[in-house]
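Residue numbers (the numbering used here): 29 to 157.
Everything on this sheet refers to the single structure shown next.
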C-alpha cells in the first residue's frame with residue numbers, strides 16, 4: 029500500500045507557470061480629457077536596460093520628469109515616485125493601468141499640494157496620428 033501511494037505521488041506533475049504575453053505599452057498615446065482642447069500626449073518607452081520596465085513621459089500633463097512603470101502581463105504598475113512640477117512644488121505619484129484593445133486605462137494618485145486621484149483614458153496612436 030505504501031508503495032502504491034509513493035508511486036502515485038511520484039507520478040504527479042508540477043503545474044507549469046503560465047506566462048502572459050507582454051502587452052505593447054510602448055508608444056505614444058493621446059489622453060482624452062472631457063474638454064478636447066485639454067487632450068495631451070503621453071509617451072511610454074521600453075527601457076532596454078531593465079526587463080519589463082517603461083519610461084513614462086508627460087503623465088497628467090504635469091509630470092515633466094520621466095517616471096518608471098513596470099509591466100506585469102497586461103498591467104502597468106507605477107510605484108510611488110517623487111517629482112517636482114514646473115512651479116517647483118513637490119509631489120508623489122503612484123498608480124496602475126491596463127491595456128484594453130488599443131486604449132491605456134490608467135488610474136493614479138498624486139499626493140501633495142492640490143493632490144489628485146482619478147483615471148485617464150489614452151488612445152494609442154498609430155504611425156504618430
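Note that beta-carbon positions come from the ideal geometry of N, C-alpha and C, so glycine has one too.
{"Item": "Residues that residue 92 bridges to, as DSSP identifies them", "Value": "In the DSSP output, where bridge partners are listed per residue, residue 92 has none listed."}
{"Item": "Residue(s) in a DSSP beta bridge with residue 149", "Value": "133"}
{"Item": "For residue 65, the three-state DSSP class (helix, strand or coil)", "Value": "helix"}
{"Item": "Run of the beta strand (DSSP E) containing residue 141, from where it starts to where it stops", "Value": "Looking at the DSSP string, residue 141 is not in any beta strand (DSSP E), and its letter there is neither H nor E."}
{"Item": "Environment of residue 132 [buried if 16+ CB atoms lie within 10 Å]", "Value": "buried"}
{"Item": "Span separating the alpha-carbon of residue 86 from that of residue 95", "Value": "9 Å"}
{"Item": "Whether residue 83 touches residue 93 by CB criterion (8 Å)", "Value": "no"}
{"Item": "Cα-Cα separation, residue 151 to residue 77", "Value": "26 Å"}
{"Item": "Three-way DSSP call (helix, strand, coil) for residue 104 in this model", "Value": "strand"}
{"Item": "Contacts around residue 90, its chain only, beta-carbon distance under 7 Å, and the 5 residues preceding and following it disregarded", "Value": "113"}
{"Item": "Segment limits, beta strand (DSSP E) that includes residue 118", "Value": "118-128"}
{"Item": "Contacts around residue 67, its chain only, beta-carbon distance under 7 Å, and the 5 residues preceding and following it disregarded", "Value": "58, 59, 60, 61"}
{"Item": "Buried versus exposed, by CB contacts within 10 Å (16 or more), residue 72", "Value": "buried"}
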